[in-house]
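Enquirer:
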Amino acid sequence: ITIDLSERSTWRGAVMVVAGAGGLYLIVPEIMAISQAESSAQLGFALEKVTALASGIGLAGQTVSGLIGVMFSDQGKSDV
1 ITIDLSERST WRGAVMVVAG AGGLYLIVPE IMAISQAESS AQLGFALEKV
51 TALASGIGLA GQTVSGLIGV MFSDQGKSDV
């Protein structure tokens with residue numbers, strides 16, 4: 001395995017790893033709250049919060065990944 005920092009796919013992968021790690025950091029406490037919910041209202045709120053966090057983090061990672069893809073081009077690659 002080689003890592004070529006001049007390739008956009010390397011940077012896209014790095015962005016997705018950072019977004020995923022950030023997402024896990026934010027979501028794990030909420031998952032713990034789900035397991036400790038005492039009422040259906042608490043459970044519903046925790047599930048909605050986890051869903052919103054996961055969606056936001058995923059969208060941010062995809063957006064940055066797309067911007068990297070637009071701004072930089074892979075060397076010697078064609079999109080044909």
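Be aware that the sequence shown starts at 1, since it is given in this note's numbering, and climbs by one per residue.
Here a beta-carbon is modelled for each residue, glycine too, at the ideal position from N, C-alpha and C.
For ILE57, count neighbouring C-beta atoms within 10 Å of its own C-beta (all shown protein chains included) and say buried if the count is 16 or more, exposed if not.
Expert: Position 57 of the sequence shown, counted from the first residue, corresponds to residue 57. It counts as buried.
Enquirer: On a Cα-Cα basis, can you pick out the residue from MET16, ILE34, VAL50 that is closest to GLN62?
Expert: Locating residue 62 in the sequence shown gives position 62, counting from the first residue. Of MET16, ILE34, VAL50, the residue nearest in Cα terms is MET16.
Enquirer: Is the number of C-beta pairs between the stretch 41–56 and the stretch 24–31 that are closer than 8 Å three or more?
Expert: The stretch 41–56 is in contact with the stretch 24–31.
Enquirer: In or out: GLU21 buried (at least 16 other Cβ within 10 Å) or exposed?
Expert: For the purposes of this step, residue 21 is taken as the residue at position 21 of the sequence shown. Here residue 21 is Ala; the residue named in the question, Glu, does not match the sequence. Counting Cβ neighbours within 10 Å, ALA21 comes out exposed, since fewer than 16 surround it.
Enquirer: Apart from the five residues just before and just after ILE34, which ones in its own chain have a Cβ nearer than 8 Å to its Cβ?
Expert: Position 34 of the sequence shown holds residue 34. For ILE34, where only same-chain residues beyond five positions count, the Cβ hits under 8 Å are LEU43, ALA46, LEU47, VAL50.
Enquirer: Helix, strand or coil for GLN62? Go by DSSP, reduced to three states.
Expert: On the sequence shown, residue 62 is found 62 positions in, with the first residue counted as 1. GLN62: helix per DSSP, three-state reduction.
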